[in-house]
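Okay, so here's the structure we're looking at.
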Amino acid sequence: MARQSIGEIRRAELSQAAFDALVQFGMRGTTLERVAKIAGVSKGVVLHHFKDKDALFEAVQRKANTVLRECVVELLHHADTPVERLYAIIVGNFAEPVFQQEICHAWISLCSDVPHHRQSQRIQTAVHARMRSNLLSALRPLMPLDRARQTAFQLRTVMDGIWLRASFQAQPMPGRQGVDQVDYAARHLMPDVVPDLAEFDAARQKMETLAGIMLSTRAFRERALTG
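The working numbering puts the first residue of the sequence shown at 1020, with every later residue one more than the last.
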């Protein structure tokens, strides 16, 4: 494993501090000064690694994407069937460590920059490619490739829409509500593929139970948030 430079370590620490500040203070309340205070450094150190607040929020988005990926990967480790893999992805995308209103706000803010900033384009392209790959790995054993691609696109669109809706609500949206909506879409997209609804029920219950236990542990949070 390649060793990180001091600069890379410092940037990772500041990204984590910015993520923590965003969750605690929101978009408007996250200032360079607050990030510096959380990280235990001067504002000058923050500016040395991130030229402005926009660059810092880009780092926050990368951190949020890392946490989301770790939530999904952790659940996928315990998925034994294609349907369980599908629900590991669904539940992981709305897990408490990442599906928070301020993270949704940051996500939609950065998405609005996609048409104008190449770096934002690269981040979103990578996020969607990973999501597509994960969904196809679950769906491909259940249906022909063309249908799997179309179903994956539909489910990704629903998940993006839920994140968008959560960013507009006055009150935070519970992650379970997001899972409810994607669960509804999945069942209606695949009634002939998985005709026994009990299989959906069992897969969802298993992944939600695991998420409640595993994704809330201190060990997982430290690993995901410092990754």
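Yeah, the Cβ is synthetic: ideal placement off N, Cα and C, and Gly gets one too.
Cβ distance (whole Å) where residue i is taken to contact residue j below 8 angstroms
| i | j | result |
| --- | --- | --- |
| Ala1074 | Glu1032 | Contact doesn't hold; Cβ gap of about 15 angstroms is too wide. |
| Ile1127 | Val1198 | No, Ile1127 and Val1198 are not in contact; Cβ-Cβ is about 20 angstroms, not under 8 angstroms. |
| Val1213 | Val1102 | 6 angstroms |
| Phe1038 | Lys1070 | Actually they do not touch by this definition, with Cβ atoms about 18 angstroms apart. |
Neighbour-count burial assignment, residue i, 16 or more Cβ in a 10 Å radius
| i | result |
| --- | --- |
| Ala1205 | buried |
| Thr1049 | buried |
| Ala1021 | Low confidence applies to Ala1021: its pLDDT is 47, below 50, so where it sits in the model is not reliable enough to give any reading. |
| Gly1111 | buried |
| Gly1194 | buried |
| Ala1217 | exposed |
| Ile1181 | buried |
| Glu1227 | buried |
| Gln1080 | buried |
| His1104 | Checking the sequence shown, residue 1104 turns out to be Arg, not His. The residue is buried, with at least 16 neighbouring Cβ atoms inside 10 Å. |
| Phe1076 | buried |
| Thr1236 | exposed |
| Leu1229 | buried |
Beta-carbon proximity check, residue i vs residue j, cutoff 8 angstroms
| i | j | result |
| --- | --- | --- |
| His1124 | Ser1186 | yes |
| Arg1168 | Leu1183 | no |
| Leu1041 | Ile1142 | no |
| Arg1258 | Arg1166 | Summary: the structure shown does not reach residue 1258, with the chain confined to residues 1020 through 1246, and so no result is reported for it. |
| Met1178 | Val1201 | yes |
| Pro1191 | Gln1120 | yes |
| Ala1222 | Tyr1106 | yes |
Distance cut-off 7 angstroms: residue i Cβ against heavy atoms of the ligand MG
| i | result |
| --- | --- |
| Arg1029 | In the structure on display, the ligand MG does not appear, and there are no ligands present to speak of. |
Any chain C beta carbon closer than 8 angstroms to residue i
| i | result |
| --- | --- |
| Ile1142 | Checking the listed chains, one finds no chain C in this structure; it contains a single protein chain. |
Worksheet item: Okay, do the stretch 1091-1102 and the stretch 1047-1060 touch, 3+ Cβ pairs below 8 angstroms being the bar?
Response: no
Worksheet item: Using 8 angstroms as the threshold, is the stretch 1109-1120 in touch with the stretch 1080-1090, meaning 3 or more CB pairs across them?
Response: yes
Practice prompt. Decide yes or no for the touch test of the stretch 1160-1176 against the stretch 1186-1196: beta carbon pairs closer than 8 angstroms, at least 3 of them.
Written response: no
Discussion item. Count Cβ pairs between the stretch 1136-1156 and the stretch 1206-1222 that sit closer than 8 angstroms; are there 3 or more?
Written reply: Segments in contact, no.
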